[in-house]
Each structure stands twice: as C-alpha cells, then as structure tokens.
Amino acid sequence: MLLIHCPYCDETLPELEFAYAGEAHVDRPADPSALSDEEWRDFLFIRANPKGPHFERWRHVHGCARFFNAVRDTVSDRFLMTYKAGEPRPDISKLEEAQ
Numbered sequence: 011m012l013l014i015h016c017p018y019c020d021e022t023l024p025e026l027e028f029a030y031a032g033e034a035h036v037d038r039p040a041d042p043s044a045l046s047d048e049e050w051r052d053f054l055f056i057r058a059n060p061k062g063p064h065f066e067r068w069r070h071v072h073g074c075a076r077f078f079n080a081v082r083d084t085v086s087d088r089f090l091m092t093y094k095a096g097e098p099r100p101d102i103s104k105l106e107e108a109q
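Under our numbering, the first residue of the sequence shown is numbered 11, with each subsequent residue one higher.
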C-alpha cells in the first residue's frame, strides 16, 4: 500500500484517501483557438512518462478535498515529496542528491 502525505492536513495516509489528477505543472495555452488540431491533441493527451522522478497532481478526496502536487519515483513507486498547489516546482537535482 502506498502512503501519501497531504501537505494541507499534514498527515500521511493510505493511497485510498487520494485520487490521481494527472501530470503537474502543465500550462494551459493562452489562446486555445489559435492551436492546430495536432497541437490541441498534444496538449490534451500527450504527457511525459519519465523513468524516475515525476511531478504529479493529487487530490485528497476523503479528507480536505484539496489538490496538491507530488514528486513520485516511477521506478520504485515511492513518493519523494508533496507540496501545496501553487508552490514552485522543486529542483529535481536536489531531490535526487538527498536520497
């Protein structure tokens, strides 16, 4: 079972309390109507699938119901850190050095 830390509730709880909400830090196009069909398709459906640390959005659905960001290692499936939505993206090289 995965344990996830909610940065708002300041509790570490089972994965069943949370819902995955996609890749974090995806910028919406300023003018979607100016995009070609291929560019719009890429925005909607094409996401990074890295081996190693990956930035994700999660929601604490059975708690505070707030969205937050997490860095999860896709190889070990371990959460490296969580942080509040709106906070800057952490430097991934510092996370890897801390391990």
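Beta carbons are placed, not taken as given, at the ideal position from N, Cα and C, and that holds for glycine. Here the structure is a predicted model, which is why all the values come from computation and not from measurement.
Residues in the same chain with beta-carbon distance under 7 Å from residue i, minus the five sequence neighbours each way, listed in chain order, please.
i, result
"lysine 94", "Pro17, Tyr18, Phe78"
Skipping 5 residues on each side, what residues in its chain have a beta carbon closer than 6 Å to that of residue i?
i, result
"threonine 92", "His15, Pro17, Phe78, Ala80"
To the nearest angstrom, report how far apart residue i and residue j are at their CA atoms.
i, j, result
"glutamate 21", "lysine 61", "27 Å"
"leucine 23", "arginine 99", "23 Å"
"leucine 26", "lysine 104", "29 Å"
"valine 71", "aspartate 47", "33 Å"
"arginine 76", "glutamate 97", "14 Å"
"aspartate 41", "tryptophan 50", "11 Å"
"phenylalanine 55", "valine 85", "22 Å"
"methionine 11", "asparagine 59", "22 Å"
"phenylalanine 53", "arginine 88", "27 Å"
"valine 36", "leucine 13", "25 Å"
Residues in the same chain with beta-carbon distance under 8 Å from residue i, minus the five sequence neighbours each way, listed in chain order, please.
i, result
"isoleucine 102", "Pro63, Val81"
"glutamate 66", "Tyr30, Ala31, Gly32, Glu33, Ala34, Asn79, Ala80, Val81, Arg82"
"cysteine 74", "Cys16, Tyr18, Cys19"
Please determine whether the Cβ atom of residue i lies at a distance below 7 Å from any heavy atom of the ligand ADP.
i, result
"proline 24", "Here there are no bound small molecules, and the ligand ADP is not part of this structure."
Can you pull the DSSP bridge partners for residue i?
i, result
"tyrosine 93", "Asn79"
"cysteine 74", "Paired residues: none, contrary to the question."
"tryptophan 68", "Tyr30, Phe78"
"alanine 14", "Checking the sequence, you will find isoleucine at residue 14 rather than alanine. Isoleucine 14 is bridged to Leu23."
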